[in-house]
Amino acid sequence: MREPRRPFFKNLLRRVPMPVLAALFGLLTAAAVWIVIDPIQTRAIGNIFREELKAQLETRARESMLRFDSFVQSYVNTTRLLANHRRMADYLEPLVWFSADEEPPVVYLDRQPLWLPASAIQGLPVKPDYAVLADTGGKIREVYQLAQRPLPQEVEPELRHAIGSAGQQAYITRLNGLLYLVIAERVEDASYYHMGSLVLLVPVNSGFLDASQQRAPDSEITVALVDGDAQVILAAGGNDALLEGAAMEGIQDRYVATVQSFFEYGNTPLNLLFATLIPRDIVDATRSRIIAVERRHRLTGAAIVGFIFVLFFIFISNRINRLLKRVAAFSSRALHIEQPTPKGGNRLLIMEDWIRSFTQAVMRAREEMRARYTAEIEEREALKTAVLDASLDPIVTIDQHGRIVDFNPTAEQTFGYGQQEALGRRLDELIFDRGSREAFNSLLADCLKERESDVKPVLRTLTARSKDDRILPVEVAIKPVRLENQLLFTTYIRDISERKRQAKEIVSLAAFPSESPLPVLRINRPGVVIYANRASDALLDYWGCNRMQTVPIYWKRVVEEVLSTGRAREVEVTTRDGIFSLLLAPVPDLDYVNV
């Protein structure tokens, strides 16, 4: 039953156009991408959000604690300025406190003490409840009370602890059930004599915590101080009044908390922790928004993938249609295969049927083309061989070991060796003398290093010896020829015997003026003697000049006249060495006169 269904299904697909199949496959692909990727991406985004949230919370917690420490430090600096103020020193200098004195401390309620500047306390974000002036033993002498309640009874032991432990202390402690920041600073005169101590007691409450974070842009963050032993919130900023006194476990469902230890307040008797709280509903809302945005992006991406998939199939269908038309035209024109171009249907399956018949036709055409190209290559090789045989210079082909592979007829005539006699022998040993063999082998080694056919060959002048022992000066150039599995070198050898003979004649003619027994001179238009042979010394003595010097003015004018007229002039000169007949022959093109 399966055999009849396969052709039917194939024929059905053959009739369905490719854009329709592309649309179906695109929808299926987009659905598959969405079904597979959505849960994976959602889990991955959730994990990334949790890791990023943890990192962000840690960063914000560190920043919040740094702001808190900076805020506390501002109070420490204020206390130090007040303790070192001139008004404080002027006030304490005439006072004398005795340790046995049992007088009660002076309390300022409605008026400003003389030892405290009027604007000092008013400029603080959170005013201290008490400003205490104590003697060197830690006994309270004067109190500036800004709060409604009197100074707690347990303050004096705390002051002795703060003043006695170190000259400067800032720590948080509990007094009458309330948290206070205790700041103590020594008061000294100009000679650094210890006159007492100034102590500020600042309430650490929600206002203090809010003021410490007033520069933070994150309004949703709440900071709190936590009892490390009981895990209870002692003070908290923000508007949630239910946080103070709440256990940390009880707020886990409403807040995400990050807890840090204090390092700058080691003298405090309390085990305090600094907590940074962010509402959990804000975190969940942010997570939901991120996942929703990412889901929309994934949906858009899946739709784009499906759309691109459809466009790609449409493009492939159009290209296949063009290819079928070109194949039909080519087969009809070159291979003589008449096939109608399909008007519709699945062109991919139609092309599959086309490929079978077209491949067979191409194989037949390839065999025919191979036979034709083989004949052309043989003709080309015959033409190259004829050119080498007709060359006027000896051309010898050698392998990379220097052994002769080919020896053209000109080389046979020049050196007297037949081709069969030369093949297989080393070229340097066959035609070069002993002095030139090393130079030839060096030139061949350089070519082996280059191995590039487009490198310009280097000419080297060597000495060759023919079979009948004739010495021939030659110019040698080697050019590499890379074949498929072999590296050969074409050696061009040119006989330069005639050229050397002509060069000798040129040198002999050039030496003629210097060898002449008669004076021969060359003077340019400015009158400078640019050449004078040895026989011209008597004439130069008569003129009173040397070579590359200017002749007398009369002779300079004669030279200019001869160059201007362009005609030779003969002049007689009588010297003590004899009478000279000077022939001045002008050379106007080069602007000098030969004498």
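Residues in the sequence shown are numbered from 1 upward in steps of one, following full-length UniProt numbering.
Positions of the beta carbon are idealized from the N, C-alpha and C atoms, including for glycine.
Note that the coordinates shown come from a computational prediction; the quantities given were computed from them, not determined experimentally.
query	result
4 or more residues per run - each alpha helix (DSSP H) lying fully within the UniProt domain "PAS" (380-451)	409-415, 419-422, 427-431, 434-450
Any alpha helix (DSSP H) of 4 or more consecutive residues that is wholly inside the region 155-196	155-165
Nearest residue (CA-CA) to K479, options P125, Y531, I395	I395
Beta bridge counterpart(s) of P305 as assigned by DSSP	Strictly speaking, residue 305 in this sequence is Val, with Pro absent from that position. DSSP lists no partner for V305.
Rounded C-alpha distance that separates R434 from S442	14 angstroms
When K456, P526, L563, A532 are compared against P552, the one with the closest alpha-carbon	P526
Other residues of its chain near A247: CB distance less than 7 angstroms, five sequence neighbours each side excluded	Q231, V232
Local Cβ density within 10 Å of S581, reported as buried at 16 or more and exposed below that	exposed
F407 burial status per 10 Å Cβ neighbour count (16 or more: buried)	buried
Close beta carbons around K139, own chain, < 6 angstroms, minus the five adjacent residues each side	none
Cα-Cα separation, R370 to R380	15 angstroms
C-alpha distance - G167 paired with R149, whole-angstrom precision	With a pLDDT of only 48 at G167, under the threshold of 50, the placement of this residue in the model should not be trusted; the figure read from the coordinates follows. Whole-angstrom Cα-Cα distance: 28 angstroms.
A538: first and last residue of the uninterrupted alpha helix (DSSP H) it sits in	537-543
Collapsed DSSP secondary structure at Q231 in the structure displayed	coil
Under the three-state DSSP convention, the category L270 falls into	coil
Integer Cβ distance of N533 from S516, believed to fall under 8 angstroms	6 angstroms
C-alpha gap between R482 and F489, whole angstroms	8 angstroms
Same chain, Cβ closer than 6 angstroms to S514, neighbours up to 5 away in sequence not counted	N533
Inter-residue spacing [alpha-carbon to alpha-carbon] between L225 and W34	48 angstroms
P152 versus A170 - alpha carbon distance	18 angstroms
Paired residues, beta bridge with T574 - DSSP	I579
C-alpha gap between Q214 and L28, whole angstroms	55 angstroms
Three-way DSSP call (helix, strand, coil) for A140 in this model	The question names Ala, yet the displayed sequence has Ile at residue 140. I140 falls in the strand class under three-state DSSP.
Separation of A55 from E188, as counted between CA atoms	47 angstroms
Alpha helix (DSSP H) segment containing K556, residue limits	553-565
For E63, the nearest candidate out of R426, S212, D577, E570 (CA to CA)	S212
Of the listed residues T173, E561, Y531, nearest to R547 (C-alpha basis)	Y531
Cut-off 8 angstroms between Cβ atoms - residues of its own chain near I496, not counting five sequence neighbours on either side	T461, P473, V474, E475
Whole alpha helix (DSSP H) elements within the region 482-537, 4-residue minimum	497-510, 512-515
L95 versus R576, Q73, E142, N205, residue with shortest Cα-Cα distance	E142
The region 72-86 in contact with the region 191-209 per 3-pair CB rule at 8 angstroms	yes
7 angstroms CB neighbourhood of N524 in its chain, flanking five on each side removed	I530, D591, Y592
Exposed unless 16 or more other CB atoms sit within 10 angstroms - verdict on A235	buried
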